[in-house]
Structure formats: C-alpha cells, structure tokens
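Under my numbering, the first residue of the sequence shown is numbered -13, with each subsequent residue one higher. Notes follow once the structure below has been shown.
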Amino acid sequence: NLREPVKFQGAVSALLADGFGAFVEPSPHPVLTTAVEQTAGDAEIAVVGTLRRQSGGIAQMLRAAAQACALGIDVDWSAALPAGVRQVDLPTYPFADERFWLDGGSARGEVSAVGLAPVDHGLLGAKADMAASGELVLSGSLSLASHPWLADHTVRGSVILPGAAFVELVVRAGDEVGRPAVEELTLHAPLVIPADGRVDVQVTVATEGSVQVHSRTAGSDWTHHASAVVTDRPGEAPVWRSWPPEPAEAVDIERFYETLEDNGLDYGPAFRGVRAMWRSADAYYAEVALPDEVPETAFVLHPALLDSALQVMAFAAAEPGRASLPFAWSGISVHASGARSLRVRVAATRAGDISVLATDPANAPVVTVDRVRSRTLSAGRLDPPLAGLLSRLEWTPVEPGPPAVDPGPTVRYECEVADSPIEVANQALEAVQEWLRHEGRPDSRLVVLTRGAVSTGPDDTVSALCQAPVWGLVRSAQAEHPGRLVIVDIDDGSDDALCAALATGEPQLALRRGAILAPRLMSVRGEEGDLPRIPSDGTVLVTGGTSGLGALVARHLALRHGVRHLVLVSRSGPRADGVAELIAELGELGARAEAVACDVADRDQVRAVLEGIDEFPLAGVVHAAAVLDDGAITSLTPDRLRTVAAPKIQGALHLHELTEGMDLRLFALFSSAAGILGSPGQANYAAANAFLDALATQRQAAGLAGHSLAWGLWEQTTSLTAPVKATRPGGTVGALSTAEGLALFDRALAGAHPVAVPVRMAPAARGPVRPAAAAVVAEPDFAARVAALGPAERGRELLKLVREQAAAILGFAGREEIDPRQPFLKSGFDSLTAVELRNRLNTLTGLRLPATTTFDFPTPEALAGKLAAELASATSPEQALLAALDHLESVLAAPSTDEALRTVLADRVAKLHARGNTEDRHSATRLRDAGADELFDFIHNELGMK
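If you want it as structure tokens, here you go:
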C-alpha cells in the first residue's frame, strides 16, 4: 500500500464476516492495528502489533506474544521457552483474586526475619547457631525445579544427589567454622530427588568438627545420609609439569559413557563433562569441564565438575552390569574455588582405593583426595523412603450397640447369588437407586447384605466372588450419601447378631460366628519378603501396557526385575501413541517387547493372545487396564456400569481362568483405593476395583500367585489413579512420586497380604473406613431455633450456614470467599460437590433436600431462601415457641449478659405471664357464674358438642 491504495477496509470487513476475531500485524512498527479496530467497530476482536520503533528484538516479540495470549489467541510457547519446560493446566474454577505476593527482598534474605542468617551457596540457603549445643546448622532445599541440572544424574532410573554434592556440602559447612578440609566422609544412604516437590537438607557441624547430613521430604522422617569430620589442616597439593604425562593411551569418550550407561549410570548433558581421557600403566588422566548450560552458582567446587572427575574412577572400576559409586572418602582438600575446568589424575592406592588430584588448566592445584572407596550399589538402596505409604485393610472386633438404641427406619436388601459379578452389581445399583428415589425420613437407612463377599483374615476366604463388587459400589454411595447406607457381610450363623451390629453405627461391618468386625486401614510396617523371580526365558503379560502405569511398570520390570520378554496388551496395541518409542526403550534395557491389540473383556481375544505366547512361556501377569465413566450414583445406568467394569472384572476373570493351570510367578491386579475408601461419583469404578481385591484374595487362598494393589493418586496421573484425585483441597490423600510408586509395587509383591493399599494418607485419615463428610454433626433443635427467629435474622443465619459449608467443601479459608449472589457452578461446584453440599445441609438442618437442590436454587441466597421455606413448613408453632424460650433462657444464663438487660427481659416475661393468668381467671369466673343455657352454648361453641 506504499505504491497504490488497497481495499484494506473491505478485506478486513470480509474477514470479520467470515468469523475471524484475531489480527496480528508483523511489521517493524504497528501502522494498521488502529485501522482494524476502527473497521471492527463494536465487535469484540483481538488486535496485536509486534515490533515497535526503538523496541525491536526477541524481548518485544515475546511481549507481543504475551499480549496475544492474554487476549485469547493461541500461542505456541514451545518455540520460545527452554527445553524441559512443561505446561500446566489452569484451575477449572475461578481465581479468588486474593493477593499472596511476598513483600520485600529475595527469599534467602528473608531468613533473617525468623532468626536465621543467609548463606550464599548453590545448595544451602540459611544457617543458625544452636544456643544450647553450640552446633552450627545449615539448611537448604533441593528440587528439580530449583536445581534442574540434578536431573542429569540418574542411577538405574532414579535421580540421586551425586557424592560430589555431599563433598560440597561438607566442605562448605567446614568453611563456616574455620575447618575447610575434610578428614573423612562416609555416605550411608543415597539421597533420591523426587520428580516433583522438594527435599529439605540439613547439615549439622558439632563443636569438635563432626558433621552430619540429613534430608526429608514433606511429611516424612529425617534420613541420615552422611557423616564426616572436618579439620583446619589441609593436605599438600602435588603438581605435574607436563600434560598429558607420557606415555599414555587415549580413551574413546563415546565408549567411556556407553560403558557407564551399561552399568546403570545414566548421565545427562550437565554431568557429561569429560572432554578427553588417557590411560597409563598406573593411572587415568582426564580433562573435564562444566558444560556451558550449567549455571555459575556459589559453589566451592561445582558438584557436576567434581562428579565428572570421579566418573573416571567409575570407569576404571567398571564391571558389567554393576554400578559402582564412591561412599567413603579421606583427606579431601580444596585449594581453589570457582573452577569450571580441571585436569584430573585418578590412581589406585596400595590399599586398593583411589586417589584423586585435580588442577586447573595452568596446573595450579584445585582439589586433592587421598583415598576414595567405592562399592556396588544395590537397586533397593535407591528406593525412596516408604514409611507410612503402604497400608492394608484389617477387620477388628467392635462392641455390639446397646439393644435399647433405636436405629431408625431400616430397609434391608440382600444381594442375590449369580454367575456374573456385573449382573449382581447392576441389581444392587438398581436397589440403591430405587431406595434413594423413594427414601422416607432423613434418618432412614438402607442396609445392604452380602454373604462371603469379603475376607476378614487369612482363615476367612471369599466364597461369593460375584458379590464383591457390591462393596465398592456401596462404599461410593456412602461417600455421596453419608449416614444413609450400611453394608454388612454375614455368615450362616450370624443373622441374629445383625440388630446389635447395626446399633454400633459403623457403616461397614462383617459378622463372623456372631462376632462383629469393622474394617480399619492400617499401615504395613517392617514386612518384607522375597520378590517373585521371573525366569530369564519367561514372559510377562501387561494389560494396559502401552501407556500410563502399565508402561511405567513394563520399564520397571525390565530394569529392576530383569524381565526379558514382555507382551504389552491394549485396545490400540501397536497403534497406541508412543508405543514404538516404548518398545525401543525396553529394547535398550535388554527386553524384547511386543504390543498386541486386544479387548481383555473378550474371552476369545484373551485366549488368542495367551496361545500366541509359546516360545517363552508365560510367567507373570500385570492387569492394569482401566476405563472411566464418572457420575453420581443416581445417574448411573447398567450400560455405564458395564463399560467401566468389563475391562477390569471380565478381563481379570478371563486371565484368572485361562492361566489357572500355568505356573505363574506373578499375578498382579492394579486396583484403586476408590474401591476401599469410597469415591464420590465413581460407584461403577469402585465396584470393579473391589472385585479385583476379592479375586487376589481368592487366588492366594487357593495357593496361586495373586496380589491386588489398590493404588492411590500418582503424581503422573492416569485413568487408573485419577479417581482418588477427586478428593478436594484439604483432603486426606496425597500423590505418590513415580519412584515411590514403583518401590511400593515391589514392596507389595514381596509381602504376604493379597491386598495392599499404596497411598499417601494423612495419619488422621487412618482407622475407620468412613466418608469424611459424615463428620458433619447436626445442632440439636437447629430447625426450631432458626424458625423462631425473625424473617431477616433467619435469612442471615441460613445464608451464613450455606456459605460456610460451601467454603468448607471448596477448601476456601472462610465464608467471606463465597459470593452470596454468584452461582455455585461459577464458584467451582460440580455435580459431586453439589451432592456433598446437599448432604451437609441435610445433616445440619434435618431436612431431606433432593440431590438437584443446588441446581434448582443456584446461588447461596436462593438456597438459603429455600431452606427458610422448608424449615418454616417443617416446624410447628409450638416447636418454634419452645425454641424461642430455650434461646431466651440461654441468653439469661450467659455470664456476658448485662444485668440491666436481664431485668428488662425478666419484667417482660412477668407481664406476659400475668396477662395469661388474668385471661384465665376471667374465663374461670364466667364459667362459675354461668347459667344452664350459657353452659350449653359454651360446650357447643368451644368444644363442638351438642
């Protein structure tokens, strides 16, 4: 348009008419954005320029991209952000617009506000002198977010803190007390860095120079990793005159790292610092340097640089398939700090250890180590701390309820016996739905009875496997409708104990020979056995094995268990996303893997897969297939239940029956904690998982391999573990890291219990298996008290109640964060949280509101009005009057009530009493003086009698 006029307005108008709503002008300076906006008029469009005069370059382009993103234009940030940056999903609820920005300086500078001194160091951030002991404590935190270069130090699949980092921690701690040299250092346990979250590190220096290094993750105990002794007498620093010394033979660096990788030492770019290497008759020599992408941070000697030097030692001691890492050091002296490149000499000592000498490129000494001893690292030592992460269900005796207790109206439903577990579950679903649709009083209960559907101990087997899904289904229903359902498993001799059992108030019970048992979730402690050994010529079949947890476990089986033949089954099979890369990765781990398309709910397809495993016989099965279709229990249909249950229940049954005659070493079923804890909105999923738990129990009782793992939430969420994520903010279930989950897989398989519950739970959540919402307790006579209030005060009280409960469910700090006029859906409610709000209000008010209440009355104000109307109609005038008197009595009795107010209230009550007495005396006088005709008129008019 510099040469001749163009039809710009017409072109923009045509684009607007075609539905285009975003315009970006790539030019040295925006000249057309204003014209576009003028052409659009009142239409809502996004218009963005790019470069500007005197403001070009990448910074301005990124600023323009951010503006476009803020206006709703899709931006491909992967082209602008560094490698490894991951995108996170925004919350599905509106932001609360509450300010949490920290005021003031940097995080490290702020430690002085809590009595600590800042430390300028790459791993440590604060220090404190202990008044009583005289010890110095230095602390810091490590994570892959704050120290991304640590992710490049992987040993057998786990990110661990390198030994060189412990050297750095101890040297810096010694520096703080005037003892810069390390006399000795011993590593006791590896420090595993989690994939998400952080590890807190503490270094303690005693007055005599002893040093201890501990760490812990959130919610775990401290782990002792290292002990050392620091001194103020550094060692001598010998030097060499020529480099590299003659004669020496060059070593191929590519082969060098391949050898380390074959032994399980997988170094990423930050730790691949060896640039050149030579070998002589008595030593190895190397040139090492920090890669350019590793940031310069406040280190005495960067751990990645020292680790690269020590890799030469690992190479020298390399044995096929064995990872060798340093664990004991003597005589460490750092002569210069801040080095980014080193010349290194590694030589064997007379005692069979290794000595290390490193200089800078000018041959000035940087670090010397008199002796370093290595040891082969067993795979189990890399497992993260697992205390409290593995639980099991125990059935414990409970005392019978008092016979005088009235359990309220009770409806009994006893499950049928059928060939199909899914059919039994559908019958129970229909019964529960029918009862919920026509439930009577709010205190009425549905009691569901099963016979032989659960095992209460090693001597009590599952005799009615077809009824097992009912337990998961009812547990989910209990989570949605707390206090309304009870499930009881009874044996043939316990019918008479049922009434006493129901009087206990327990939501889940088993009756055995008249004894009343209730389930409790208990932590598994100190129980380790041998892992199942898969022969080298054996095959492991993994359903759901091409993605998610199935793929993770397939890698783990190859890496940790040495499985060499894998069949990965899924509906997509070889067409699944990423399956080619997965098979290639398994091949690098030494396993031959095959992806097969199969619907495990189809018996013929499962049989065909098993018949195709002939060259290397089947030795193990991991059943990890899963499908989700969530919804409140009242919305489920038989088809929706079957869709979810078929892959788990039918698939497990087919695998069980078709392999029953084989010598399987492993038969692991991936269940979910939803089947034990109950998960709102997932009755179909919970039912399927309860069946898997029962099947594993039945297999073990028959002498067959069988373990069911009722997984909680994984940080790497998949369809298998997502249900437990339904717990809301402030809930009791946390996430397991990948390392923790795989270690718990091994721990569960090595245990004797058929059902293990690997889940991170708050200690308060252990004990009775009860829905948390049942803890809401009703206030006695709440309805009558509120009905006695004036209309305005009643409305305020009920609105306060609704907002408080809504805030509690959404995890907000208080009711002030709930806008009384904002619809519940916009505040973050969904169908499940709406049911929970209904449940809480029913419990607190004694009303029986329908499940659709929050949709029929979509704001807190509207719902409070509904409650007011319901309470008014449910409360008699006499109840309201008595409640008002109760309130008056409590005010008079309160110590804070002013004496003058007491006098006024007492005077008004006396006048009301006197007025009543005057009217009564007047009526009595009229009756005493009345004649016969007047008495008959009184009887007719007042009593309705002739």
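Just so it is clear, CB atoms sit at the ideal spot from N, CA and C, and this is done for glycine as well. Fair warning: this is a prediction, and the values are worked out from it, not measured in the lab.
Cβ neighbours of Glu571 within its own chain (closer than 8 angstroms, five residues either side excluded): Arg541. Residue environment: Lys(-7) is assigned as exposed (fewer than 16 neighbouring CB atoms within 10 Å of its CB, all protein chains considered). Taking 4 residues as the shortest admissible run, the stretch 147 to 219 contains the following complete alpha helix (DSSP H) segments, listed from N- to C-terminal end: 149 to 162.
8 angstroms or more divides the Cβ of Gly221 from the Cβ of Ser310. Exclusion of the five residues before and after Arg801 leaves Lys786, Arg789, Glu790, Ala792 and Ala793 as the residues of its chain whose Cβ lies within less than 8 angstroms of its Cβ. Proximity to Asp600 across His609, Ala638 and Val526 peaks at Val526, based on C-alpha coordinates. In this chain, the alpha helix (DSSP H) harbouring Ile239 covers Ile239 to Asp248.
Annotated three-state conformation of Thr354 is strand, per DSSP.
Between the stretch 681 to 692 and the stretch 431 to 450 there are three or more C-beta pairs closer than 8 angstroms, enough to call the two in contact. Inclusion of Thr172 and Ser213 in the CB contact set at 8 angstroms is warranted, their separation being smaller than that value.
The alpha-carbon of Ala566 is positioned some 13 angstroms away from that of Gly531. Val456 is the residue among Val456, Pro444 and Leu422 whose C-alpha sits nearest the C-alpha of Asn412.
Secondary structure of Arg801 (DSSP, three-state): helix.
Ser657 and Pro740 have their C-alpha atoms some 12 angstroms from each other. Below 8 angstroms, too few C-beta pairs join the stretch 273 to 290 and the stretch 331 to 342 to call them touching: fewer than three. In the assembly as shown, Lys634 is a buried residue. Its beta-carbon has 16 or more other beta-carbons within 10 Å. Counting along the chain, no alpha helix (DSSP H) covers Ile619, and no H or E run does either.
Take Gly183, set aside five residues on each side of it, and the residues of its chain with a beta-carbon closer than 7 angstroms to its own are Ser129, Thr203 and Ala204, in chain order. Across the structure, Thr840 and Pro846 are spaced so that their CA atoms are roughly 9 angstroms apart. When Asn825, Arg824, Gly797 and Arg826 are compared, the shortest CA-CA separation from Gly814 is found for Gly797. His211 sits close to Leu177, with the two beta carbons spaced by under 8 angstroms.
Of Arg361, Gly737 and Arg498, the smallest CA-CA separation from Val510 is found for Gly737.
Just so you know, the alpha carbons of Gly42 and Ala51 end up roughly 13 angstroms apart. For Val745, DSSP records no beta bridge to any residue.
Per DSSP, Phe313 lies in no alpha helix (DSSP H); the unbroken beta strand (DSSP E) holding it starts and ends at Ser310 to Val320.
As computed with DSSP, His139 is found in a beta bridge with Tyr253. Following the DSSP letters along the chain, one finds Phe9 inside the beta strand (DSSP E) bounded by residues Ala8 to Glu11. Phe656 is bridged by DSSP to Leu695. As computed with DSSP, Leu503 is found in a beta bridge with Pro383 and Ala496. Where Glu121 is concerned, there is no enclosing beta strand (DSSP E), because DSSP gives it neither an H nor an E.
The stretch 762 to 796 is shown to contain whole alpha helix (DSSP H) runs of 4 or more residues at 768 to 773 and 777 to 796, in chain order.
Distance from the CA of Leu292 to the CA of Ala150, rounded to the nearest whole angstrom, comes to 6 angstroms. Restricting attention to Ser480, Gly524 and Val474, the CA atom closest to the CA of Gly491 is found in Val474. Around the beta carbon of Gly637, a 10 Å sphere encloses 16 or more other beta carbons of the protein chains shown; the residue is thus reported as buried.
For Arg589, the uninterrupted alpha helix (DSSP H) run begins and ends at Arg589 to Glu597, by DSSP. For Ser533, the closest of His551, Gly559 and His547 by C-alpha to C-alpha distance is Gly559.
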